[in-house]
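Numbering (our numbering), first residue to last: 1 to 340.
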């Protein structure tokens, strides 16, 4: 699909296939086209070119247009969009198909029970916490009996503790229903933790779609590698299935001999205080359960180590590098070129 807003190319020939019953995360920075993609699928805007097919039915193309209410797609917004003058159960009943409205109250309470908020049925949105509103919003989405659920930054407005709790519960409920779900986020940890697959977007394009572990450990391009978390990009000498670098010798994803560029995740870089060491600790970012160290290497370059907070060294300490179990990965030669 392609979509422009004036001179802005919001989606640049995006192709995406979502499998029935899977939870697909769309990950990318603000302005990359994530929400535009959801709105095209939902039918809130039209593509300038391309086709949208849901469960084998074309709902948008050059000569076809199916209205949003006829697509069996439910969308949950970041701000929940609950009607403030209606109770929780009335908000859910509003979305029920006409055939179910005779017993609307009972069905509405049943859906609230699925999300463990039936006891809040008579409260209005202003009387609910953010997490409770999120559950009611999802119950309302399920009331539409959708084939596809779209979540737009669904947990962004919640505090960290509530976010983790609500995210785990809601994604668990969605898995129990067997519904197909697409959600967008700019939070790498969130995307990796709850998705069956993740699509990484950048500047209106999808760079890579893969399982979380593959995406993190073997990105197709440097843009994906950077966005999936901090990485050390180093020159090295390939020795078959290992590579020698300024941080030491690491096992290598793939096999190569000779000069290469590799990226090494900071959690693979162990540090130990050593007065004879040639590496200096230049910075320390304490995060509670872990610490990120900035390390100045002998050649003057900066590297990163991510360690549990029980492995403490201080700024100014000299250290030695202890490579941890894991694999370095080859940096692709060009954009979009898979590593070897």
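Using N, Cα and C, we set each Cβ at its ideal position, and we do this for glycine too.
(request) Give the C-beta separation of residue 170 and residue 134 to the nearest angstrom, bearing in mind that I take them to be a contact with Cβ-Cβ under 8 angstroms. (result) The beta carbons of residue 170 and residue 134 sit about 7 angstroms from each other, so the pair counts as a contact at 8 angstroms.
(request) Use the C-beta contact count for residue 152: other C-beta atoms within 10 angstroms, 16 or more gives buried, fewer gives exposed. (result) buried
(message) Quick check on the burial criterion: 16 or more other C-beta atoms within 10 angstroms. Buried or exposed for residue 160?
(response) exposed
(message) Quick check on DSSP: helix, strand or coil for residue 255?
(response) strand
(request) Could you check the C-alpha separation between residue 209 and residue 105 for me, to the nearest Å? (result) So the alpha carbons of these two residues sit roughly 41 angstroms apart.
(request) Compute the Euclidean distance between the alpha carbons of residue 166 and residue 131, then round it to the nearest angstrom. (result) 6 angstroms
(request) Work out the CA separation of residue 137 and residue 155 for me, nearest whole Å. (result) 12 angstroms
(request) Whole angstroms is fine: what's the gap from residue 336's alpha carbon to residue 129's? (result) Below a pLDDT of 50, predicted positions are generally treated as unreliable, and residue 336, at 44, falls in that range; the measurement from the model is reported next regardless. Roughly 43 angstroms separates the two Cα atoms.
(request) Look up residue 290 in the DSSP assignment and say whether it is helix, strand or coil. (result) strand
(request) Can you tell me which of the three DSSP states residue 167 falls into? (result) helix
(message) Suppose the cutoff is 6 angstroms on Cβ atoms and the five residues either side in sequence are ignored; what does the same chain contact list for residue 73 look like?
(response) 42, 146, 148
(request) Alpha carbon to alpha carbon, how far is residue 241 from residue 257? Give it in angstroms, no decimals. (result) Approximately 9 angstroms, taken between the alpha carbons.
(request) Please determine, among 261, 13, 178, the residue with the shortest C-alpha to C-alpha distance to residue 243. (result) 261
(message) For residue 268 and residue 288, I'd like the C-alpha separation in whole angstroms.
(response) Each residue's Cα considered, the two are about 19 angstroms apart.
(message) So if DSSP puts residue 322 in a beta bridge, which residue, or which two residues, is it bridged to?
(response) Beta-bridge partners assigned by DSSP to residue 322: 270.
(request) Please classify residue 3: does DSSP put it in a helix, a strand, or coil? (result) strand
(request) Would you check if the distance between the CB atom of residue 199 and the CB atom of residue 27 is smaller than 8 angstroms? (result) yes
(request) Could you tell me which residues DSSP pairs with residue 307 in its beta bridges? (result) 291
(request) Measure the C-alpha to C-alpha separation of residue 102 and residue 121 and round it to an integer number of angstroms. (result) Cα to Cα, residue 102 sits roughly 18 angstroms from residue 121.
(request) Please go through the same chain and pick out, in chain order, the residues whose beta-carbon is closer than 7 angstroms to the beta-carbon of residue 281, but skip the five residues on each side of it. (result) 293, 295, 313, 314, 315, 316, 317, 319
(message) For a test of the three-state rule: what should DSSP assign to residue 140, helix, strand or coil?
(response) helix
(request) Would you tell me roughly how many angstroms separate the C-alpha atoms of residue 174 and residue 55, rounded to the nearest one? (result) 18 angstroms
(request) Alpha carbon to alpha carbon, how far is residue 36 from residue 69? Give it in angstroms, no decimals. (result) 18 angstroms
(request) Find out if the Cβ-Cβ distance for the pair residue 92, residue 140 is shorter than 8 angstroms. (result) yes
(request) To the nearest angstrom, report how far apart residue 202 and residue 89 are at their CA atoms. (result) 39 angstroms
(request) Please name the residue or residues paired with residue 208 in a DSSP beta bridge. (result) For residue 208, which the question treats as bridged, DSSP gives the partners 200.
(request) Assuming residue 231 and residue 197 form a contact by the criterion Cβ under 8 angstroms, report the distance between their Cβ atoms to the nearest whole angstrom. (result) That pair is no contact at about 21 angstroms.
(message) Under 7 angstroms: does the beta carbon of residue 74 sit that close to some heavy atom of the ligand SAH?
(response) Looking for the ligand SAH in the displayed structure turns up nothing, as the structure carries no ligands at all.
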